Amino acid sequence: MPVDEDTGKLIPFTSDQIDAMQIRTAGVRPPSPRHLQETRRIGENTMRKSFWVKWAERFNFIELVCGDQKTYVESGITKLSRLLPDERYGIHHPDYPEIVATRIDNIEGANGPGIDSEDDEGIVEYPDALIDVFYEHVPYDLRTDEDVELQGSEFIRYTYFGGSNGSAQSINIPGGAMRYWREPGDGTAPPHGVPVPYGVSIVRAEEEFTWWWVQLPYETFEPNSNLYQRIYGTVEGDLPFLGCVNSAPIFDRPHGTVMFANVIPKLERAHTGKGRRWSLEYKFAYSALGWNWLYYPDPSGTNAGWFNVNNKEYQEADALEDYRSLVPGARDLNKLFSVAAV
């Protein structure tokens, strides 16, 4: 991968490096089986295209079209660097920038007989490699490292909404009680006035939704990494983000309304053939009423309503102290999309 020696960031391939790959489009005329093929349908837009590439440059070509990822340290801060798919070979068309190369379906020797490599590694070499590239409509935005520096967040790239589920949830009301009651004129025979021997509940609307962060280098989420400790806490006693509500707006929802409920990490082999990559599925729960409020069932109706619950004084989620409410604490959940120690 092309790396800036001074910063450790990934940098685009130079024109000389691309020229050295000797890239040529294969199967430009039908009935070649490798003639360009496209699909268009709801939920899936794809393209398949083949190239001849100099054999010794085939792995560089894979990084050129599919991109790559790595971490680097700048002024003591761990950051994520991404090499985006090349604008000419890695993106379907300027008018369709979201259809990008995501995998290599086949590599085979071409344009001459194979010969044993001179370094005695048992690998047959060819003049060229014939490479089949698969492009698809990705659900995330492709943004440069410079864009992230300007915006101040990795949330703007390689993240996407994964779906939601709305439901009506029954929650208990502490201190509430109900009684059997007859209609007016029916008298007061039992069970009129007798307490109902179970708790009182009220229905609240909630949404559960997921958000994905994909193609993360292994070291970004290995045990004891910055992100891992942020999510699960530390042996020193730092509060884990799991179970916390948002102290700052996120996903266009105000503070105190989003709870970080779950994370499902998926570890995959990298498309480059070297290393592994994480895909993180974050799960959140949203309640417009907030997560630190309980309903008070005043029998008179005068004071009935939702009230903030604390074991100290009134505190909103943007200034909520740890372990003083119905949730462990409040954290800036936007930091779930950072690999730095923040």
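If you count the sequence shown from 1, position 87 lands on 87 in the UniProt record's numbering, and the numbers rise without skipping. Note that the Cβ used here is the ideal one computed from N, Cα and C, for glycine as well. All of these numbers come straight from a predicted model, not from anything done at the bench.
(request) Starting from F251, trace the beta strand (DSSP E) both ways and give me its first and last residue. (result) Counting from one through the sequence shown, the residue named residue 251 turns up at place 251. Note, F251: premise wrong, no beta strand (DSSP E); not H, not E.
(message) Among A341, T7 and P113, whose alpha-carbon lies nearest the alpha-carbon of T220?
(response) Here residue 220 is taken as the residue at index 220 of the sequence shown, counted from 1. Minimum Cα distance to T220 is reached at A341.
(message) Nearest by alpha-carbon distance to E208: which of C244, V3, S338 and N165 is it?
(response) As a first step, residue 208 must be located in the sequence shown, where it is residue number 208. Checked all of C244, V3, S338 and N165; the closest Cα to E208 is N165.
(message) Measuring only the C-alpha atoms, how far is S225 from K70?
(response) Walking along the sequence shown from the start, residue 225 turns up at place 225. Walking along the sequence shown from the start, residue 70 turns up at place 70. Each residue's alpha carbon lies about 14 Å from the other.
(message) Only counting the same chain, and skipping five residues up and downstream in sequence, which positions put a Cβ closer than 8 Å to that of C244?
(response) Counting from 1 along the sequence shown, the entry for residue 244 is found at position 244. Excluding positions up to five away in sequence, the list reads M259, F260, V327, P328, G329, A330, R331 and L333.
(message) Based on DSSP bridge pairs, tell me the residues matched to W181.
(response) Reading the sequence shown from its first residue, position 181 is the one you call residue 181. Partner(s): none; W181 has no beta bridge.
(request) Count the other CB atoms, across all protein chains shown, that sit within 10 Å of the CB of residue 352; report buried if there are 16 or more and exposed otherwise. (result) Nothing can be reported for residue 352: it is not among the residues displayed for the chain, which extend from 1 to 342.
(message) Can you tell me which residues form a DSSP beta bridge with W293?
(response) As a working note, residue 293 is residue 293 in the sequence shown. DSSP output for W293 lists N308 as bridge partner(s).
(message) Check this for me: beta carbons of G290 and A317, under 8 Å apart or not?
(response) Reading the sequence shown from its first residue, position 290 is the one you call residue 290. Reading the sequence shown from its first residue, position 317 is the one you call residue 317. Cβ distance < 8 Å, so G290 and A317 count as in contact.
(request) Would you tell me roughly how many angstroms separate the C-alpha atoms of E98 and S50, rounded to the nearest one? (result) Within the sequence shown, residue 98 is the residue found at index 98, counting from 1. Within the sequence shown, residue 50 is the residue found at index 50, counting from 1. When rounded, the distance between both Cα atoms is 19 Å.
(message) Here's the rule I'm using: 16 or more other beta-carbon atoms within 10 Å means buried, otherwise exposed. How should D68 be labelled?
(response) Locating residue 68 in the sequence shown gives position 68, counting from the first residue. Answer is buried; the Cβ neighbour count reaches 16.
(message) Is P184 a contact residue of the ligand MN, with contact defined as CB to any heavy atom under 7 Å?
(response) Looking for the ligand MN in the displayed structure turns up nothing, as the structure carries no ligands at all.
(request) Measure the C-alpha to C-alpha separation of T144 and S153 and round it to an integer number of angstroms. (result) Along the sequence shown, read from residue 1 onward, the residue named residue 144 stands at position 144. Along the sequence shown, read from residue 1 onward, the residue named residue 153 stands at position 153. Distance between the alpha carbons of T144 and S153 is about 12 Å.
(request) Spatial neighbours of Y295 within its chain, please: CB distance less than 6 Å, with the 5 preceding and 5 following residues excluded, ordered by chain position. (result) Position 295 of the sequence shown, counted from the first residue, corresponds to residue 295. Excluding sequence neighbours, Y295 sits near I173, I202 and W306.
(request) Would you check if the distance between the CB atom of R230 and the CB atom of K79 is smaller than 8 Å? (result) In the sequence shown, residue 230 corresponds to position 230, counting from 1. In the sequence shown, residue 79 corresponds to position 79, counting from 1. Going by C-beta atoms, R230 is not nearer than 8 Å to K79.
(message) Taking only three categories from DSSP, how would you classify residue 378?
(response) The structure shown does not extend to residue 378, since the chain is modelled only from 1 to 342, so the question has no answer here.
(message) By alpha-carbon positions, which one of A129, P127, H137 and K274 ends up nearest to G43?
(response) In the sequence shown, residue 43 corresponds to position 43, counting from 1. Answer by Cα proximity: H137.
(request) Give the DSSP bridge partners of N262, in chain order. (result) On the sequence shown, position 262 is the one that residue 262 refers to. For N262, which the question treats as bridged, DSSP gives the partners K283.
(message) Once DSSP output is grouped into helix, strand and coil, what is the label at Y89?
(response) For the purposes of this step, residue 89 is identified with residue 89 of the sequence shown, where counting begins at 1. Residue state, collapsed to three classes: coil.
(request) Flag S338 as yes if its beta-carbon sits less than 8 Å from any beta-carbon of chain B, otherwise no. (result) No chain B appears in this structure, which consists of one protein chain only.
(request) For my contact list, F337 and F155 are in at a C-beta cut-off of 8 Å; report their separation, rounded to the angstrom. (result) What you label residue 337 is simply residue 337 of the sequence shown in a count that begins at 1. What you label residue 155 is simply residue 155 of the sequence shown in a count that begins at 1. With 8 Å as the limit, F337 and F155 qualify as a contact, their Cβ atoms being about 4 Å apart.
(message) On the DSSP letters alone, give me the boundaries of the beta strand (DSSP E) that R41 sits inside.
(response) As a position in the sequence shown, residue 41 is number 41, starting the count at 1. Start and end: Q37 to R41.
(request) Could you please give the first and the last residue of the uninterrupted beta strand (DSSP E) stretch that includes V194? (result) What you label residue 194 is simply residue 194 of the sequence shown in a count that begins at 1. Unbroken run through V194: none, as it is neither H nor E.
(request) Please report the residue range of the alpha helix (DSSP H) in which N106 lies. (result) Residue numbering aside, residue 106 sits at position 106 when the sequence shown is read from its first letter. Not the alpha helix (DSSP H): N106 falls in the beta strand (DSSP E), residues Y96 to A110.
(request) Report all residues from its chain with a CB closer than 7 Å to the CB of P265; omit the five preceding and five following residues, and keep chain order. (result) By one-based count along the sequence shown, residue 265 stands at place 265. Hits under 7 Å: F221, W278 and L280.
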